[in-house]
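**Q** Please read through the structure below; I'll follow up with questions.
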Amino acid sequence: MNCIDEKLQPIFSEVTRRNCGEPEFHQAVHEVLESLGRVVAKHPHFLDQALIERICEPERQVIFRVPWVDDSGKVQINRGFRVQFNSALGPYKGGMRFHPSVNVGIIKFLGFEQTFKNALTGMPIGGGKGGSDFDPKGKSDGEIMRFCQSLMTELHRHLGEYTDVPAGDIGVGGREIGYMFGQYKRLTNRYEAGVITGKALAYGGSRARTEATGYGNTYFVQAMLQTKGTDFEGKKVVVSGSGNVAIYTIEKVQAFGGKVVACSDSSGYVVDEGGIDLALLKEIKDVRRERISEYATVKGAGVHFISADKGSVWDVPCDVAMPSATQNELSGKDAGTLVKNRVIAVGEGANMPSTPEAIQVFQDAGVLFAPGKAANAGGVATSALEMQQNASRDSWTFEQTEERLAAIMRNIHDTCAATAEEYGAPGNYVLGANIAGFVRVAEAMQMLGVI
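Quick note: the sequence shown uses the numbering used here, first residue 22, plus one each step.
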C-alpha cells in the first residue's frame, strides 16, 4: 500500500482498531485516505470536527437472522445485513449481495465505496449496502422466494423511498428483486415503487437499468481512451465474470467496435479468439444458469475452457482489461502479466476488483486505470433515474435513459480528470475519483452540522 499522510494516519489506525478482522473495509478506507493528503494540505478545515472520522464510520449497521424453509421442509438459517453508511447527500442507496462470502466487513467496504461512487454521479443519493451469506446457486425458485420473503420481513422496517433504497448486486437479479418488492408491498400495504430499484418494467422498472453498469464502465473507458487519441475500435478486450455487469460490458464493447476474446466465472474462463458470442453467453448464463465451460462445449472448435486452478483470465493477451466479477480478483501478479502483454487500459466494472498492488503496477507502467467507484457508477446512476421516474409516475424510453447514462458517465470521467489535474496528479483517475467524491460528501456534512 502507498503511504497515508501523517495527519491522517491516526484516523486509519483508529479505523483498523475499531473494525478488527475486516480487511476489505480497511483496504477501501486506506485507498481513500492515501488520496486525501493533498486535500487536507490545501483545505485544512476538512480536519476539523472529526469530519473524516465521521465519514469512515457508518451511520447505522443492521444485522439480523433470516430463517427460511427449504424444499425438503428443513429450516435453514442465514444472516442478513444492511449498512446505512452515509445520508448527507440523500437516502441510503446501494445493492443487496447474496453470496456465501458476505460478512459485515465486506458490506461495510461496499457501503463506504458506494458513498463516494454515488456522490460522483451528481445525483441526490447517499451510500449504503446490504446482503446475506445465502447462496442462491442450486436453489429452486421456491426456496429463493421463501428466503427473500423472510429477509424482507425484517429488512422492510429499515427501508423507504426517502430512507434507504436497495437494489441488486452479486446473486441478486430481477427474480430476487421481484420477490423482495412483493413482500415489501405485502407488509406495508403501499405501492412504494421507489423503495427498490432494478425492478422489471412490468412494475416500475427503468429501461437500460439491466445494462447500465456494464454500459457505464464502457462509456468511461471509451472517454479515457479518447484522451490518448484512440478508442475501442479494433481493440482486443478481456472481461472477467459472466454475470450482468460482464455481459453488458461485452455488449457495449462490441457496439464500439472492440473484440472481447475471453470471459470467466468462478470455475474458470473461456477464450474465443473469434469474439465472444453474446447471444450464446446470455443463453447459458441468464436462461440455463450453466457454468462458463458450457460455452466452450456448445461453441466447439476454436474455443477453449481453462479451469480456475490452471490459470487466470488475465493470462489472455489484450489491449483493454475490464475486471467485472468481484473484489480483489486481479492481483499484482495478474497486473504484471497484463502489462507484459501490453495492456493500455483497465476499467473496473466490479467493486474494488484490483488489489492495491495491481493498481500500483498499472500506474507505474502508465496504464490508463479507471477505478470502480467512478467507472461502475452507471448502475447506481440509472437506479437514481429509476427513482426519479417512479416519483413522477413516468416511464422513459431506452434511448432517453441511455442518453442520460452516457452524459452522467462523461461527466464523471471529466470530473475525475479535472480533479486529478487540480491536485497535481494529471491522469490519476484513482486520486481524482477519491478526492471529488470525498469533497462532495464532506462539504454537505459540514453544512448539516455535527451529524
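Cβ coordinates follow ideal geometry from the N, Cα and C atoms, glycine included.
Please classify F202: does DSSP put it in a helix, a strand, or coil?
**A** As a position in the sequence shown, residue 202 is number 181, starting the count at 1. If DSSP states are grouped into helix, strand and coil, F202 belongs with the helices.
**Q** Taking DSSP as the reference, what is the three-state secondary structure of C339?
**A** By one-based count along the sequence shown, residue 339 stands at place 318. Correct three-state label for C339: coil.
**Q** Among N349, V460, L302 and A457, whose alpha-carbon lies nearest the alpha-carbon of S13?
**A** No answer is possible for residue 13: the residues shown for the chain start at 22 and end at 472.
**Q** Quick one: Cα of P112 to Cα of R196, how far?
**A** Residue 112 sits at position 91 when you count from the first residue of the sequence shown. Residue 196 sits at position 175 when you count from the first residue of the sequence shown. Those two C-alpha atoms are separated by around 24 Å.
**Q** Around the C-beta of K320, are 16 or more other C-beta atoms found within 10 angstroms, so that it is buried, or is it exposed?
**A** Counting from 1 along the sequence shown, the entry for residue 320 is found at position 299. Counting Cβ neighbours within 10 Å, K320 comes out buried, since at least 16 surround it.
**Q** Select from G237, G115, G149 and G181 the residue whose C-alpha is nearest the C-alpha of L208.
**A** Within the sequence shown, numbered from 1, the residue matching residue 208 stands at position 187. Residue G181 is the option with its Cα nearest to L208.
**Q** To the nearest angstrom, how far is it from the Cα of K158 to the Cα of R312?
**A** Taking the first residue of the sequence shown as position 1, residue 158 is located at position 137. Taking the first residue of the sequence shown as position 1, residue 312 is located at position 291. Rounded to whole angstroms, K158 to R312 spans 11 Å at the Cα level.
**Q** Is Q204 buried or exposed, if buried means 16 or more other CB atoms sit within 10 Å of its CB?
**A** For this step, residue 204 is matched to residue 183 along the sequence shown. Counting Cβ neighbours within 10 Å, Q204 comes out buried, since at least 16 surround it.
**Q** Should H47 be flagged as near chain C, meaning a C-beta pair shorter than 8 Å?
**A** Going by chain labels, chain C is absent from the structure shown, which holds only one protein chain.
**Q** Would F419 be called buried (16 or more neighbouring beta carbons within 10 Å of its own) or exposed?
**A** Here residue 419 refers to the residue found at position 398 when the sequence shown is read from its first residue. So F419 counts as exposed.
**Q** Would you mind sorting Q384 into buried or exposed? The rule is 16 or more other CB atoms within 10 Å of its CB.
**A** Translated into the one-based positions of the sequence shown, residue 384 becomes position 363. Result: buried.
**Q** Are V388 and A371 closer than 8 Å when you measure CB to CB?
**A** On the sequence shown, residue 388 is found 367 positions in, with the first residue counted as 1. On the sequence shown, residue 371 is found 350 positions in, with the first residue counted as 1. For V388 and A371, no; Cβs fall outside 8 Å.
**Q** Are the beta-carbon atoms of D190 and R81 separated by less than 8 Å?
**A** The count along the sequence shown starts at 1 and reaches residue 190 at position 169. The count along the sequence shown starts at 1 and reaches residue 81 at position 60. It is not a contact, given that the beta carbons lie outside the stated cut-off.
**Q** Taking A300 as the reference, give the member of Y316, D286, E45 and N139 with the closest Cα.
**A** Here residue 300 is taken as the residue at index 279 of the sequence shown, counted from 1. For A300, the nearest C-alpha among the options comes from Y316.
**Q** With distances taken from CA atoms, which of Y212, C169 and A233 is nearest G399?
**A** In the sequence shown, residue 399 corresponds to position 378, counting from 1. It is A233.
**Q** For S375, which beta-bridge partners are listed by DSSP?
**A** Here residue 375 refers to the residue found at position 354 of the sequence shown. Note: S375 sits in a beta bridge opposite L351.
**Q** If we call anything under 8 Å between Cβ atoms a contact, is Q243 one with Y200?
**A** The count along the sequence shown starts at 1 and reaches residue 243 at position 222. The count along the sequence shown starts at 1 and reaches residue 200 at position 179. For Q243 and Y200, no; Cβs fall outside 8 Å.
**Q** Between which two residues does the beta strand (DSSP E) carrying I73 extend?
**A** Here the question's residue 73 lines up with position 52 in the sequence shown. Looking at the DSSP string, I73 is not in any beta strand (DSSP E); the run it does join, the alpha helix (DSSP H), is L72 to I76.
**Q** Going by Cα to Cα distance, which pick from G237, G295 and S287 is closest to K273?
**A** Stepping through the sequence shown from its first residue, residue 273 is reached at position 252. The candidate whose alpha carbon is nearest that of K273 is G237.
**Q** S261: buried (16+ other C-beta within 10 angstroms of its C-beta) or exposed?
**A** Residue numbering aside, residue 261 sits at position 240 when the sequence shown is read from its first letter. Buried: at least 16 other Cβ atoms inside 10 Å.
**Q** Could you tell me which of F106, H325 and L141 sits nearest to V125, measuring between CA atoms?
**A** Position 104 of the sequence shown, counted from the first residue, corresponds to residue 125. With distances taken between Cα atoms, V125 lies closest to F106.
**Q** What are the boundary residues of the alpha helix (DSSP H) that includes M117?
**A** As a first step, residue 117 is located in the sequence shown; it is residue number 96 there, counting from the start. Unbroken run through M117 is the beta strand (DSSP E), Y113 to F119; no alpha helix (DSSP H).
**Q** For a test of the three-state rule: what should DSSP assign to A300, helix, strand or coil?
**A** Working through the sequence shown from its first residue, we reach residue 300 at position 279. The answer is helix: DSSP assigns A300 an H, G or I state.
**Q** Evaluate I6 with the Cβ neighbour count: other Cβ atoms within 10 Å of its Cβ, from every protein chain shown; 16 or more gives buried, anything less gives exposed.
**A** The chain is shown from 22 up to 472; residue 6 falls before or after that span and cannot be answered.
**Q** Looking only at its own chain, which residues have a Cβ that is under 6 Å from the Cβ of K280, when we skip the five neighbours before and after it?
**A** Position 259 of the sequence shown, counting from 1, holds the residue named residue 280. These residues qualify, in order along the chain: K257 and G296.
**Q** Would you identify the three-state DSSP class for K280, choosing helix, strand or coil?
**A** Taking the first residue of the sequence shown as position 1, residue 280 is located at position 259. Residue state, collapsed to three classes: strand.
**Q** Between the stretch 55-71 and the stretch 37-46, do three or more beta carbon pairs fall short of 8 Å?
**A** Too few Cβ pairs lie closer than 8 Å, so no.
**Q** Could you tell me which uninterrupted beta strand (DSSP E) segments, each at least 3 residues in length, are contained entirely in the stretch 184-241, listed from first to last along the chain?
**A** 185-188, all fully within the stretch 184-241.
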